[in-house]
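J.: The structure's right below; bear with me while I get my questions together.
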Amino acid sequence: MSQALHIDEFLKQGIASVIIDVRTPKEFEQGHIPGAINIPLFSNEERVIVGTLYKQEGRQPAIVKGLEFVGPKMAAIVLKAQELAKENTVYVHCWRGGMRSGSVAWLLQMYGLNVFTLKGGYKQFRNFALNSFDINNEIKILGGRTGSGKTKLLQLLEQKSEAVVDLEKLAHHKGSAFGGFGQVQPSQEQFENELCAALQKVKDAKYIWIEDESRLVGKMVIPLPLWEKMRLAVITYVEIPFEKRAEKLLEEYGPLPKEQLAQAINAITRRMGPEQASKALAALEQNDLREVCRLCLIYYDKGYDHGLQNREDLRLERYSFENESPEEIAKHLIKISNDRIQIN
Numbered sequence: 003m004s005q006a007l008h009i010d011e012f013l014k015q016g017i018a019s020v021i022i023d024v025r026t027p028k029e030f031e032q033g034h035i036p037g038a039i040n041i042p043l044f045s046n047e048e049r050v051i052v053g054t055l056y057k058q059e060g061r062q063p064a065i066v067k068g069l070e071f072v073g074p075k076m077a078a079i080v081l082k083a084q085e086l087a088k089e090n091t092v093y094v095h096c097w098r099g100g101m102r103s104g105s106v107a108w109l110l111q112m113y114g115l116n117v118f119t120l121k122g123g124y125k126q127f128r129n130f131a132l133n134s135f136d137i138n139n140e141i142k143i144l145g146g147r148t149g150s151g152k153t154k155l156l157q158l159l160e161q162k163s164e165a166v167v168d169l170e171k172l173a174h175h176k177g178s179a180f181g182g183f184g185q186v187q188p189s190q191e192q193f194e195n196e197l198c199a200a201l202q203k204v205k206d207a208k209y210i211w212i213e214d215e216s217r218l219v220g221k222m223v224i225p226l227p228l229w230e231k232m233r234l235a236v237i238t239y240v241e242i243p244f245e246k247r248a249e250k251l252l253e254e255y256g257p258l259p260k261e262q263l264a265q266a267i268n269a270i271t272r273r274m275g276p277e278q279a280s281k282a283l284a285a286l287e288q289n290d291l292r293e294v295c296r297l298c299l300i301y302y303d304k305g306y307d308h309g310l311q312n313r314e315d316l317r318l319e320r321y322s323f324e325n326e327s328p329e330e331i332a333k334h335l336i337k338i339s340n341d342r343i344q345i346n
């Protein structure tokens, strides 16, 4: 008989092994435990049919219909699970820890695999995720105007064993009108799941580096408990010269098709102002991408500065850099943090 685990133990063991989600592809796409693999017991359509039959005719007719659907798939489910299993063990869950995961667990155990299920299923994981954002760690906000290379700095900090949560990476968005090109954002539910997993990885760290963001990252909404703590944190503000930031934008967005750049400029015309937007579009038409970046930076700088001015209880520590490399800046940020810890 398979063993049902509470959420903490299921995640601890399952993430190191393999987690199999037997819900439908539609349910899985809407949201799933990060790292889980979908081996659906029913297709989207089959689940609707079984559910409707259950409501209209009762449990037994629904079970019979479910068996009709599942029967031809049993061998494929077993072979796929065997292929994924680590040390002959798998971790299985469905929506509420009911018949779907129970049936698959029975099948895989009959085959000879060690099977663990999740008490309460994915619904229990969602409760766990939604309660994970009120963290006890200190937050260090990495701030700075657009083009300051904050994403690169976060990557370097993480490489140097600093605890980092990269919200833009989790949201598949770089946080501006240009930030969504080439990326499809997850559902809000999956963003929260990924954020939960990221926070769990650094839960024992004294502090966590997070980039200064508005509450919306693209269309993703930062959960309120984490957002409120971010707003109270000290901002480590990295000040980089304007022309260096313009160069950074040129490197990042210059290779994009002209049509996409025009689309992004048009999206911010109202806030940028018709005159500035027209200048940017004219520069784009003339292939003067450096001037496009300068004009957009002026707009983003005003917006970022205005946002800082409107924040209550703002605590900001400003550090200016001229010709330092991102590597040198990252080392300096770590030294600042370590010095502050020693003082405290």
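Under the numbering used here, the first residue of the sequence shown carries the number 3, and numbering increases by one thereafter.
All C-beta atoms in this analysis are idealised placements derived from N, C-alpha and C, irrespective of residue type, glycine included.
(1) Counting only runs of 4+ residues fully inside the region 27-75, write out the alpha helix (DSSP H) ranges in chain order.
(2) When the Cβ atoms of the region 222-241 are set against those of the region 323-337, are three or more pairs found closer than 8 Å?
(3) For the candidate residues Leu263, Gln288, Ala200 and Ala266, whose alpha-carbon lies nearest to that of Gly37?
(4) What separation, rounded to the nearest whole angstrom, lies between the Cα atoms of Asn40 and Cys295?
(5) Could you round the C-beta distance between Ile65 and Val106 to whole angstroms and report it? I think they count as a contact, below 8 Å.
(6) Does the distance from the C-beta atom of Ile143 to that of Ala235 stay below 7 Å?
(7) Could you please give the first and the last residue of the uninterrupted beta strand (DSSP E) stretch that includes Ile143?
(8) Specify, as a first and last residue, the run of the beta strand (DSSP E) that His95 falls within.
(9) Can you tell me whether DSSP reads Ile224 as helix, strand or coil?
(10) At the level of alpha carbons, what is the spacing between Pro227 and Asn133?
(11) Kindly provide the ranges of any alpha helix (DSSP H) runs that are 4 or more residues long and lie completely inside the region 206-293, ordered along the chain.
(12) Glu213 and Lys152 - do their beta-carbons sit closer together than 7 Å?
(13) Relative to the C-alpha of Gly145, which residue among Gln262, Ala173, Lys221 and Met232 is closest?
(14) Mind checking which residues open and close the beta strand (DSSP E) that includes Thr119?
(15) Can we say the region 280-296 touches the region 247-261, given the rule of at least three CB pairs closer than 8 Å?
(16) Let's test the definition: count the other Cβ atoms within 10 Å of the Cβ of Pro188 and tell me whether it reaches 16, buried, or not, exposed.
T.: Let me spell this out:
(1) As far as the region 27-75 is concerned, its whole alpha helix (DSSP H) runs of at least 4 residues are 27-32, 46-59 and 61-72.
(2) yes
(3) Taking the first residue of the sequence shown as 1, we reach residue 37 at position 35. Cα-wise, what sits closest to Gly37 is Ala200.
(4) Taking the first residue of the sequence shown as 1, we reach residue 40 at position 38. Taking the first residue of the sequence shown as 1, we reach residue 295 at position 293. Taking the straight line from one Cα to the other gives about 43 Å.
(5) Within the sequence shown, residue 65 is the residue found at index 63, counting from 1. Within the sequence shown, residue 106 is the residue found at index 104, counting from 1. About 15 Å separates the two Cβ atoms, so there is no contact after all.
(6) Position 141 of the sequence shown, counting from 1, holds the residue named residue 143. Position 233 of the sequence shown, counting from 1, holds the residue named residue 235. Yes; because the gap between Cβ atoms is below 7 Å, this pair is in contact.
(7) As a working mapping, residue 143 is identified with position 141 in the sequence shown. Segment Glu140 to Gly145, the beta strand (DSSP E) holding Ile143.
(8) Start at 1 with the first residue of the sequence shown, and residue 95 comes out as number 93. Element bounds for His95: Thr91 to His95.
(9) Here residue 224 refers to the residue found at position 222 when the sequence shown is read from its first residue. DSSP, read as helix, strand or coil, puts Ile224 in coil.
(10) Counting from one through the sequence shown, the residue named residue 227 turns up at place 225. Counting from one through the sequence shown, the residue named residue 133 turns up at place 131. Going by the C-alpha atoms only, they are around 9 Å apart.
(11) 226-234, 244-255, 260-269, 271-274 and 276-287
(12) Position 150 of the sequence shown, counted from the start, is the residue given in the question as residue 152. Position 211 of the sequence shown, counted from the start, is the residue given in the question as residue 213. A contact, by the Cβ cut-off of 7 Å.
(13) In the sequence shown, the residue the question calls residue 145 occupies position 143. Gly145 has its Cα closest to that of Met232, out of Gln262, Ala173, Lys221 and Met232.
(14) Residue numbering aside, residue 119 sits at position 117 when the sequence shown is read from its first letter. Looking at the DSSP string, the run of the beta strand (DSSP E) that includes Thr119 is Asn116 to Leu120.
(15) yes
(16) On the sequence shown, residue 188 is found 186 positions in, with the first residue counted as 1. Its Cβ being crowded by 16 or more others within 10 Å, Pro188 is buried.
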